[in-house]
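Undergrad:
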Amino acid sequence: MRQIKVADLMTDEVVCAAPGTAFGHIVQLLEEHGISGLPVLDDEDRVLGVVSRTDLLAHLPPEARTPGKAGGAPKEAGGAPGEAAGPATAAEVMSVPAVTVRADEPAAGAARLMARCGVDRLPVVDVEDRLVGIVTRRDLLHLFLRPDAEIRRRVVTEVLDAALGLPSGAVDVHVVHGVVALEGHVERQSQLTVLRGLVERLDGVVSVVSHVTALVDDTGSRSAMAW
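In our numbering, the protein residues as written are 19 to 245.
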């Protein structure tokens, strides 16, 4: 089964900032490119942190915040001396440590990480932690727009038949809005973990609810168990 990787979905042209990038310039970059945040890089392209519109707002004095303005930043934030402005540089407003993801990781895992951390974008790094791209919620959204019928077909053909070699009808599969419900039995308890893991890795699967039991316990426990 081929999984969609982060590298398949990421954008490799990334709007970035340096630690010394001025507050006002960050605001301009976000507005010009229509983005909600950007990574801050060191001289070797390693991600030091991420600056979002929320970070910018949090570091503005209350009188400088303009309700209804995109990002809430003043028009000339960080501009001429004497004007209301936030902190001077990206290093002062960025969120650290940055939540990043590797390019070769499964895209579904990146989506779960994004949801768990409450972020809208993830800098993508290589094995040396250097920035190679960025992936956003919008990029990942299509993973969870797969038809339920397609997900069910892949569970049956790719997991139950091809991977586990289960007899027809051993496990019933029902899919509703990406949630996969499994019920039935397998021969060995050790197959339960494999079954769940393979189904969870399929593109479009939001979660798995399994009531599959094992006929034979080959893991050391004495009773057949459901997973």
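Note that the Cβ used here is the ideal one computed from N, Cα and C, for glycine as well.
Sorted by chain position, which residues of the same chain lie with C-beta nearer than 8 Å to V32's C-beta, five sequence neighbours on each side aside?
TA: Along the sequence shown, one-based indexing puts residue 32 at 14. Around V32: L56, P57, P141, L149, G151, I152.
Undergrad: Residue range of the alpha helix (DSSP H) that R64 falls in?
TA: Taking the sequence shown and counting its residues from 1, one reaches residue 64 at position 46. Looking at the DSSP string, R64 is not in any alpha helix (DSSP H), and its letter there is neither H nor E.
Undergrad: Please report the straight-line C-alpha distance between H51 and R164, rounded to a whole angstrom.
TA: Along the sequence shown, one-based indexing puts residue 51 at 33. Along the sequence shown, one-based indexing puts residue 164 at 146. H51 and R164: Cα-Cα distance of roughly 29 Å.
Undergrad: In this structure, how does DSSP classify D235 when only helix, strand and coil are distinguished?
TA: As a working mapping, residue 235 is identified with position 217 in the sequence shown. It is coil, neither helix nor strand.
Undergrad: Short check: CB of V193 to CB of V212, under 9 Å?
TA: As a first step, residue 193 is located in the sequence shown; it is residue number 175 there, counting from the start. As a first step, residue 212 is located in the sequence shown; it is residue number 194 there, counting from the start. No. Outside cutoff.
Undergrad: Secondary structure at G52, three-state DSSP: helix, strand or coil?
TA: Stepping through the sequence shown from its first residue, residue 52 is reached at position 34. Looking at G52 - three-state DSSP - the assignment turns out to be coil, as it is neither helix nor strand.
Undergrad: For G96, which residues from the same chain have a beta carbon less than 6 Å from its beta carbon, with the 5 sequence-adjacent residues on both sides left out?
TA: As a working mapping, residue 96 is identified with position 78 in the sequence shown. For G96, the pLDDT reaches just 40, beneath the cut-off of 50, and the residue's location in the model is therefore unreliable, leaving the point undetermined.
Undergrad: Work out the CA separation of V143 and H160 for me, nearest whole Å.
TA: Along the sequence shown, one-based indexing puts residue 160 at 142. Along the sequence shown, one-based indexing puts residue 143 at 125. Whole-angstrom Cα-Cα distance: 22 Å.
Undergrad: Can you name the start and end residues of the alpha helix (DSSP H) that R130 belongs to?
TA: Translated into the one-based positions of the sequence shown, residue 130 becomes position 112. Where R130 is concerned, the enclosing alpha helix (DSSP H) stretches over 125-135.
Undergrad: According to the Cβ coordinates, are D73 and V119 closer than 9 Å?
TA: Here residue 73 refers to the residue found at position 55 when the sequence shown is read from its first residue. Here residue 119 refers to the residue found at position 101 when the sequence shown is read from its first residue. Contact flag unset, no.
Undergrad: Mapping DSSP to helix, strand and coil, what is V142?
TA: Counted from its first residue, the sequence shown places residue 142 at position 124. It is a strand residue.
Undergrad: Please report the straight-line C-alpha distance between E168 and D26, rounded to a whole angstrom.
TA: As a first step, residue 168 must be located in the sequence shown, where it is residue number 150. As a first step, residue 26 must be located in the sequence shown, where it is residue number 8. Taking the straight line joining both Cα atoms gives about 20 Å.
Undergrad: Residues in its own chain within less than 8 Å of C135 by CB, not counting five upstream and five downstream?
TA: Translated into positions along the sequence shown, residue 135 becomes position 117. Excluding residues within five positions, the ones whose Cβ falls inside 8 Å are V117.
Undergrad: Can you tell me the Cα-Cα spacing of D235 and E205, whole angstroms?
TA: Along the sequence shown, read from residue 1 onward, the residue named residue 235 stands at position 217. Along the sequence shown, read from residue 1 onward, the residue named residue 205 stands at position 187. Computed Cα separation, rounded: 8 Å.
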